[in-house]
Structures are given as structure tokens and as C-alpha cells.
Amino acid sequence: MYTLMSKISQIISNPISEFLNAYEHAPLIMAILLGLIGALAPCQITGNMSAITFYGNRTMQMKSNWQEIVFFIVGKVIVFSLLGFFAWIFGQSFETKMTVYFPIFRQAIGPIMIITGLVLIGIFKIKFLNRISSLLPTVLKEGEIGSLLMGASFSLAFCPTMFVLFFVWLMPTVASTSYGLVLPAIFGVATSVPLLIMLALIHFFYEKRVIIRFSMRMGRVIQNVAGVILIIIGVTDTITYWALY
Numbered sequence: 192m193y194t195l196m197s198k199i200s201q202i203i204s205n206p207i208s209e210f211l212n213a214y215e216h217a218p219l220i221m222a223i224l225l226g227l228i229g230a231l232a233p234c235q236i237t238g239n240m241s242a243i244t245f246y247g248n249r250t251m252q253m254k255s256n257w258q259e260i261v262f263f264i265v266g267k268v269i270v271f272s273l274l275g276f277f278a279w280i281f282g283q284s285f286e287t288k289m290t291v292y293f294p295i296f297r298q299a300i301g302p303i304m305i306i307t308g309l310v311l312i313g314i315f316k317i318k319f320l321n322r323i324s325s326l327l328p329t330v331l332k333e334g335e336i337g338s339l340l341m342g343a344s345f346s347l348a349f350c351p352t353m354f355v356l357f358f359v360w361l362m363p364t365v366a367s368t369s370y371g372l373v374l375p376a377i378f379g380v381a382t383s384v385p386l387l388i389m390l391a392l393i394h395f396f397y398e399k400r401v402i403i404r405f406s407m408r409m410g411r412v413i414q415n416v417a418g419v420i421l422i423i424i425g426v427t428d429t430i431t432y433w434a435l436y
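Residue numbers (this note's numbering): 192 to 436.
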């Protein structure tokens, strides 16, 4: 499964990689192109698909959730910026230590998506979490902070492709450029471009009434569909990455 996804990713990203070689002396463009290639990596494809499902579902049920989407991207930017900063400070020893934890983060994403999907369709009711959740401030459970934490967790789910793009390609550019520390942030934003395009299309068609505003009953249908999609993505993701590591 991972081999198939990697081949698809390679077919799509190869033209960009060739174009990238022409801009190895233009750090900003380099960071953007690396981020775009990273968005086509298997781990980012599944992550962006689940984010599109989640935020697309919310867009259909409310007028605007762009603040949450922005915070989701900010979460990714923070993680990539911190990883870049520590890699720049500590060098190869940091990269070696972090590779131990990336597979763990990556393997956790699939089961989390499955559980989320089961909760959305009403099969899995986590009552004890509801009690714990009631004790937490609302700001940590939903809205901007919740989206920020989601973006951060997705960014920690590195796969081999992302590791090579970030540490092998981007970090040498960071180290050799006076403004290199901003490049990981640009990289993080670029990995979210497919997400932004898809959500913009959903929002555009919604505003134009091509997609009619759903009632509460239809909102439930959308939630069930979103749950099923997350379960399918989660199962595929789990099979792929639990077999890989």
C-alpha cells in the first residue's frame, strides 16, 4: 500500500522536483516548492484529506470557519519552525534522535482517524472522555486552539519522504541563508496549499448557492458521511504505516 502511494506521489512530484533544481539558489522559492512536493507525500496526502473532510463538513454547517483553518495551518507552521530551529541549533544529533519518534507519531494518526470517524457516526461513544472534556476549558477542545493542536499533531506525523524533503533538502538551505529560519514556516504553509484550494472551492460553491445550505437533518447526514470517509482513510493509513514500520 505504501509502495503504491509512494509511486503515485513520485509521478506527481517528479516534474516539480526537476523544476526545483533550477531554483536551488533561490531559498524562498525552494522552500515553497519543497512544501508543495511535501503536500504530495503519502503521509501528508492522508493528513490533508482528513483535514479537508473535517473542515469541509464544518464549512457546510456554518457560515465561516476560516479562523479555525488559519489556526490549523499556524499549528503546522509552529511545528515545522521549531523542528527547523532545533535542527539548525543542534545539527545532526537532533535529526538522529527525532527519527526515533516520527514512526510513533505516524502510526498514531490512522487509529485516531478511525476513532474520530466512529464517534462521528455514533457507533463509538466515549463517555469517560465526555466527563474529562467537561473539565477542560472550551478553548482547548474546539475553535482556534483545537485547530492549532490538530495542525501541530498532523505535522509531527513524518514519513520518509517528508524527512528527506525537510532535513536533507531544506535544512542545508536554512543553514546557508541569512534569513534561513523563516524557511521552515514557509515550507509549512506550502504543505497546506491543497487543503486551502479544496476548502476555498467548497466555500465558493456554498456562497454561490450551488451547494444549498443544509438543514440540521442534512447536517447529520454530512457528519455520517464524513465519519465513514475518516474511517476509510484511517484504515488505509493504519494498514500502510503499521506494515511499513
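Think of the CB as a built atom: it goes at the ideal place given N, C-alpha and C, for glycine as much as any other residue.
Alpha carbon of residue i to alpha carbon of residue j, nearest angstrom
| i | j | result |
| --- | --- | --- |
| Ile424 | Thr431 | 10 Å |
| Thr429 | Phe277 | 29 Å |
| Ile422 | Thr368 | 43 Å |
| Leu339 | Leu390 | 17 Å |
| Pro218 | Phe281 | 21 Å |
| Gln258 | Gly337 | 11 Å |
| Pro375 | Pro363 | 12 Å |
| Ile264 | Val380 | 6 Å |
| Phe395 | Phe245 | 17 Å |
| Met304 | Leu361 | 29 Å |
| Gly371 | Gln298 | 31 Å |
| Ala222 | Ile260 | 21 Å |
| Glu335 | Val268 | 14 Å |
| Asn415 | Leu274 | 36 Å |
| Ile306 | Met341 | 15 Å |
| Ile220 | Val310 | 41 Å |
| Thr427 | Phe354 | 21 Å |
C-beta atoms of residue i and residue j nearer than 8 Å
| i | j | result |
| --- | --- | --- |
| Gly266 | Thr382 | no |
| Leu227 | Val373 | no |
| Phe262 | Phe378 | no |
| Gly418 | Gly301 | no |
| Phe345 | Ala242 | yes |
| Ala366 | Trp279 | yes |
Environment of residue i [buried if 16+ CB atoms lie within 10 Å]
| i | result |
| --- | --- |
| Leu392 | exposed |
| Leu231 | buried |
| Trp433 | exposed |
| Gly313 | exposed |
| Ile420 | buried |
| Leu224 | buried |
| Leu356 | buried |
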